[in-house]
Amino acid sequence: MGSEIFYGILVVFGVVFLKSVFVMVPQGFEYTVERFGQFRKTFTPGLGMKIPFVDRIGRKINMMEQVANVPSQEVITKDNAVVTVDGVVFYQILDAVKAAYEVNRLEYAILNLTMTNIRTVLGAMDLDESLSKRDEINQRLLAVVDEATSPWGVKVTRIEIKDIRPPHDLVSAMARQMKAERDKRAEILEAEGHRQSEILRAEGSKQSAILEAEGLKEAAFREAEARERQAEAEAKATHMVSKAIAAGDVQAINYFVAQKYLEAFGKFADSENQKTMILPMEATNILGSLAGITELAKEVKGNKES
Numbered sequence: 001m002g003s004e005i006f007y008g009i010l011v012v013f014g015v016v017f018l019k020s021v022f023v024m025v026p027q028g029f030e031y032t033v034e035r036f037g038q039f040r041k042t043f044t045p046g047l048g049m050k051i052p053f054v055d056r057i058g059r060k061i062n063m064m065e066q067v068a069n070v071p072s073q074e075v076i077t078k079d080n081a082v083v084t085v086d087g088v089v090f091y092q093i094l095d096a097v098k099a100a101y102e103v104n105r106l107e108y109a110i111l112n113l114t115m116t117n118i119r120t121v122l123g124a125m126d127l128d129e130s131l132s133k134r135d136e137i138n139q140r141l142l143a144v145v146d147e148a149t150s151p152w153g154v155k156v157t158r159i160e161i162k163d164i165r166p167p168h169d170l171v172s173a174m175a176r177q178m179k180a181e182r183d184k185r186a187e188i189l190e191a192e193g194h195r196q197s198e199i200l201r202a203e204g205s206k207q208s209a210i211l212e213a214e215g216l217k218e219a220a221f222r223e224a225e226a227r228e229r230q231a232e233a234e235a236k237a238t239h240m241v242s243k244a245i246a247a248g249d250v251q252a253i254n255y256f257v258a259q260k261y262l263e264a265f266g267k268f269a270d271s272e273n274q275k276t277m278i279l280p281m282e283a284t285n286i287l288g289s290l291a292g293i294t295e296l297a298k299e300v301k302g303n304k305e306s
């Protein structure tokens, strides 16, 4: 019975001894080893061995990239607008010894450093810039926080602002401003369209006037040409009549007088205000003149045939 107890105690002591000597480090972690409270070495993933009851595991450091949520906080912008901001930080420990012994409560330190710099960056920007320049804010935060955490053996890979929430009254004012801007743009577009329409209408009127003027010019030219030809014909007829008169041809005189008489009579009949026409002479005089014209025409025709 005593030997069984002895062997049992020996087994327990052996298990405890083995556990105190060998340490299994999982993938993605590093353990620091301390001897009498002083850092001695680092165990990487795998099996590590230490002196029992002398060495002990100090810190278990997660070497994988980690994510920490930045708590919401109120920030005053450059134009005195109060906004609520939160975010997220991505970081990775590159040096387990520094992360374990250079700073206490590493994640808490990174979050507070990030929150402080969020207030600094947004405090130097107007509200409109804060809402529209997320990428610039992220880059500025990343540069400052990564440089500050470098002595801790940490690499800050990304900082993202998740949400920037202005107060409700400010959101309502921004909505009204946006609506006013849209109404303004709509009125400008409408006025521009009306202006273009007036310009096109004026261009059309201009082209119409030009074409009308060109048409009147062409008509005047044609009318002048016709009057010129008519004048030439009248001059030629007058010349022929003059020759006939000089030759003593009475019928030619009758032709010339009858022609002028008919022209005057036609103008008298075409008057707009003329409704009743009274002839102060006998119609047989006109018929006699027409007979003279007929005789003259027959004589001219007979001369041409002979």
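Counting in the numbering used here, the final residue of the sequence shown is number 306, and the numbers go up one at a time with none missing.
The C-beta atom is built at its ideal place from N, Cα and C for all residues, glycine as well.
State the start and end residues of the unbroken alpha helix (DSSP H) segment that holds I51.
Neither: I51 is in no alpha helix (DSSP H) and is coded neither H nor E.
Please confirm whether A100 and T32 have their CB atoms less than 8 Å apart.
yes
When the Cα of E129 is compared with those of E160, R185, D79, which residue comes out closest?
D79
Same chain, Cβ closer than 7 Å to K301, five either side skipped, listed in chain order:
Below a pLDDT of 50, predicted positions are generally treated as unreliable, and K301, at 48, falls in that range; the measurement from the model is reported next regardless. So no residue of the chain qualifies.
Under 8 Å by Cβ, that's how I've got V70 and V83 pegged, so tell me the actual separation to the nearest angstrom.
The Cβ separation is near 14 Å, so there is no contact.
Are I93 and G153 closer than 8 Å when you measure CB to CB?
yes
Local conformation of Q92 per DSSP, three classes
strand
Enclosing beta strand (DSSP E) for D163 [first to last residue]
154-165
Boundaries of the alpha helix (DSSP H) in which V121 is found, first to last residue
106-123
Determine, using beta carbons only, whether F43 and V23 come nearer to each other than 8 Å.
yes
When DSSP labels each residue in this structure, what does D126 get in the three-state scheme?
coil
What did DSSP end up calling G193 once you bin it into helix, strand or coil?
helix
With distance defined between alpha-carbon atoms, name the residue in Q196, K162, P167 nearest to V89.
K162
So what does DSSP say about T284, is it helix, strand or coil?
Model confidence at T284 stands at a pLDDT of 49, short of 50, so the residue's coordinates are unreliable; what they give is reported in the following sentence. Helix at T284.
Spatially closest choice to S132 from K155, I164, G123, by CA coordinates
I164
Determine the DSSP secondary structure at A68, reduced to helix, strand or coil.
strand
Leaving out five residues before and five after E160 in sequence, what residues of the same chain have Cβ atoms less than 7 Å from its Cβ?
G87, V88, N138
Does the beta-carbon of E30, which I'm using as the reference point, lie nearer than 7 Å to any heavy atom of the ligand ADP?
Although the ligand ADP was asked about, the structure shown includes no ligands whatsoever.
Report yes if the CB atom of A148 is closer than 8 Å to the CB atom of L113, and no otherwise.
yes
Cα-Cα separation between G193 and A209, rounded to whole angstroms:
24 Å
From V67 to G37, what does the alpha carbon distance come to, in whole angstroms?
30 Å
Return the first residue and the last residue of the alpha helix (DSSP H) that A38 is part of.
Looking at the sequence shown, residue 38 is not Ala but Gln. Premise fails: Q38 lies in the beta strand (DSSP E), 38-43, not in any alpha helix (DSSP H).
Which residue's Cα is closest to the Cα of D126: M115, A81, A231?
A81
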